[in-house]
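Single-structure report; data block below.
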Amino acid sequence: MSQARKLYVKSFGCQMNVYDSRRMADTLAPHGYVETGTPDDADLIILNTCHIREKAAEKVYSELGRVRRLKDAAADDGRRVVVAVAGCVAQAEGEEIIRRAPSVDLVFGPQSYHRLPALLARAAREGRAVDTEFPADDKFEHLASPSAAAIRARGACAFVTVQEGCDKFCTFCVVPYTRGSEISRPVQSVVGEIELLADAGVREVTLIGQNVNAYHGAGPDGRAWSLARLLGEVARVNGIERLRYTTSHPHDMEDDLIAAHRDLPKLMPQLHLPVQSGSDRVLAAMNRRHTRTDYLNVVRRLREACPTLALTSDFIVGFPGESENDFAETLSLVAEVGFSGAFSFKYSPRPGTPGAEMTDQVDEAVKSERLQRLQNAIDDGQATFNRNCLGRTLDVLFERPGRHEGQLVGRSPYLQPVQATAPASLIGEIAAVIITEIASNSLFGALTRAPQTAARQYGPVSTGA
Ligand code: SF4
Numbered sequence: 453m454s455q456a457r458k459l460y461v462k463s464f465g466c467q468m469n470v471y472d473s474r475r476m477a478d479t480l481a482p483h484g485y486v487e488t489g490t491p492d493d494a495d496l497i498i499l500n501t502c503h504i505r506e507k508a509a510e511k512v513y514s515e516l517g518r519v520r521r522l523k524d525a526a527a528d529d530g531r532r533v534v535v536a537v538a539g540c541v542a543q544a545e546g547e548e549i550i551r552r553a554p555s556v557d558l559v560f561g562p563q564s565y566h567r568l569p570a571l572l573a574r575a576a577r578e579g580r581a582v583d584t585e586f587p588a589d590d591k592f593e594h595l596a597s598p599s600a601a602a603i604r605a606r607g608a609c610a611f612v613t614v615q616e617g618c619d620k621f622c623t624f625c626v627v628p629y630t631r632g633s634e635i636s637r638p639v640q641s642v643v644g645e646i647e648l649l650a651d652a653g654v655r656e657v658t659l660i661g662q663n664v665n666a667y668h669g670a671g672p673d674g675r676a677w678s679l680a681r682l683l684g685e686v687a688r689v690n691g692i693e694r695l696r697y698t699t700s701h702p703h704d705m706e707d708d709l710i711a712a713h714r715d716l717p718k719l720m721p722q723l724h725l726p727v728q729s730g731s732d733r734v735l736a737a738m739n740r741r742h743t744r745t746d747y748l749n750v751v752r753r754l755r756e757a758c759p760t761l762a763l764t765s766d767f768i769v770g771f772p773g774e775s776e777n778d779f780a781e782t783l784s785l786v787a788e789v790g791f792s793g794a795f796s797f798k799y800s801p802r803p804g805t806p807g808a809e810m811t812d813q814v815d816e817a818v819k820s821e822r823l824q825r826l827q828n829a830i831d832d833g834q835a836t837f838n839r840n841c842l843g844r845t846l847d848v849l850f851e852r853p854g855r856h857e858g859q860l861v862g863r864s865p866y867l868q869p870v871q872a873t874a875p876a877s878l879i880g881e882i883a884a885v886i887i888t889e890i891a892s893n894s895l896f897g898a899l900t901r902a903p904q905t906a907a908r909q910y911g912p913v914s915t916g917a
């Protein structure tokens, strides 16, 4: 093995980027790279970028300005620092990144991570390397597995990518252009990775994908398996106690997936199901392929399957053409569903998407005012949901020490952070906690002797506005 070199990966954006960053580190570990928590002493700096938020590319260029200063300072000390840009901005900008930021040695898109060692060698040989192809080979088959030590260092909860890309083409979204069309990993590849994680102490797995419930990976029988069937298989892995999946599209909530919320005790009673708007007119302009009624029907069926289910969502406010009436429909949908939380953003055009070409853009001040009203409604729903947990006993998977000595922090089945006084030996374990206090973003509680049971047996937690 070559001499150890230090690797610093900075992840922007979604959980899939965090997962990708880890797999890059795993792939580079056999080549002598060890991760460091700071860019200051790194030999290789990778910015794993996200294109979802406004001005994403500009933010990457300003970050690259800071990285260039580090690289120059290292060069003054006779040390070479390699700078790489990965992720969706790399995919979208390609060569342009090296033209605008000459300190960058390597640009590579999300489908090229498994070729990272070869790309670094090429960049060293040729001075620069750019790889933003959508290759036909399956990168997951070529990515190195994490070591048991690396898995343990990352804790008891893990994300596992099972699906990438999207064929939906919502008119506001860049994902179909930066991540390409839908690809699903084979069932055995996913299950093999999760067995490895479970052996090293992982207790909770979240299956992730840009449109995860469109999963259709090849099963061991050679047929395409649905996400529900994959979840059933993963639930059989010894040591895995909790399952989640994200992010789902309402159009792809098939019957078997809804039934899995009734039939799989390990599937946590929490689901992120983006709706974006409550107005059919706006949903059609967004090319969402579902109506308000479709969404509400899916919610009703999910709650019939799992009465304790807590729902979170995503909203875009001020999409081109959104009227005050359309926005009122969004507010009424929030009231009707009773979300336990949601992300909401003002619409901002992404270059290259149909939404950016629409002529009836909404005034910024109107968007800001609507966003404030929406966030107030969402916050009220979340506060009500959390208040209704007071006095209840929830299973908590403890993840790490809390801020105060003797305290641990974990997650409830509903993904709420929960703090409790507990021995460090409970890190990585699930324990029953009675909730005694509610703060704005977390719950506080005390260990109880209550036997550990499936979360849904605690009875419904209503958001009832
Ligand atoms: S379904 Fe999601 S990822 Fe796909 S285009 Fe729509 S918003 Fe983007």
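For the sequence shown, our numbering assigns the number 453 to the initial residue and increments by one for each residue that follows. C-beta atoms are modelled at their ideal positions from N, C-alpha and C, and glycine is treated no differently. Owing to the predicted nature of the structure, the values given are computational and were not obtained by experimental measurement.
Check: residue i C-beta below 7 Å from any heavy atom of ligand 1
i	result
Lys798	no
Phe621	yes
Cys540	no
Asn663	yes
His701	yes
Cys618	yes
Proximity to residue i [Cα-Cα], best of the options
i	options	result
Asn838	Phe797, Gly793, Gln813	Gly793
Ala575	Gly561, Arg606, Ala536	Ala536
Leu682	Gly691, Thr658, His703, Gln662	Thr658
Arg696	Ser894, Leu725, Arg475	Leu725
Ala666	Glu781, Ala652, His701	His701
Gln563	Ala544, Val556, Ala553	Ala544
Met705	Leu719, Glu645, Ala680	Ala680
Glu781	Leu826, Arg752, Phe795	Leu826
Neighbourhood of residue i by C-beta distance below 6 Å, restricted to the same chain and skipping five residues each side
i	result
Val519	Ile497, Val535
His668	Ser636, Ala676
Asn812	According to the sequence shown, residue 812 is Asp rather than Asn. Closer than 6 Å at Cβ, skipping near neighbours: Pro772, Gly773.
Gly684	none
Tyr747	Pro702, Val727
Paired residues, beta bridge with residue i - DSSP
i	result
Ile692	Bridge partners of Ile692: none, in fact.
Phe797	Ile768
Cys540	According to DSSP, which records beta bridges pairwise, Cys540 is partnered with nothing at all.
Cys609	Glu656
Ile882	Leu849
Asp583	Phe560
Lys458	Val486
His724	Thr764
Gln697	The displayed chain sequence assigns Tyr, not Gln, to residue 697. BP columns for Tyr697 point to Leu659.
Phe896	Gln871, Glu889
Val519	According to DSSP, which records beta bridges pairwise, Val519 is partnered with nothing at all.
Gln615	Ser636
Val535	Ile497
Gly862	Phe850, Val870
Cβ pair residue i, residue j closer than 8 Å
i	j	result
Ala884	Ala874	no
Thr501	Val541	yes
Ser814	Gly843	Note that residue 814 is Val in the sequence shown, not Ser. No, they are not a contact pair.
Phe896	Asn739	no
Thr938	Thr845	No answer is possible for residue 938: the residues shown for the chain start at 453 and end at 917.
Residues of its chain near residue i, where Cβ-Cβ distance is below 8 Å and the 5 sequence neighbours each way are ignored
i	result
Arg655	Ala608, Cys609, Gly691, Ile692, Glu693, Arg694, Leu849, Gly880, Glu881, Ile882
Val470	Ser463, Phe611
Ala898	Ala872, Thr873, Val885, Ile886, Thr888
Met468	Phe611, Thr613, Glu616, Ile660, Gly661, Gln662
Own chain partners of residue i with C-beta closer than 7 Å, once the 5 adjacent residues on each side are dropped
i	result
Asp524	none
Gln909	Bear in mind that a pLDDT of 40 at Gln909, under 50, signals an unreliable position, so the model cannot answer this.
Arg919	What the structure shows of the chain is the stretch from 453 to 917, and residue 919 is not part of that stretch, so it cannot be assessed.
Phe791	Leu763, Thr764, Ser765, Ile830, Gly833, Thr915
Closer than 7 Å: residue i CB and nearest ligand 3 heavy atom
i	result
Val627	Absent from the structure shown: ligand 3. Ligands present: ligand 1.
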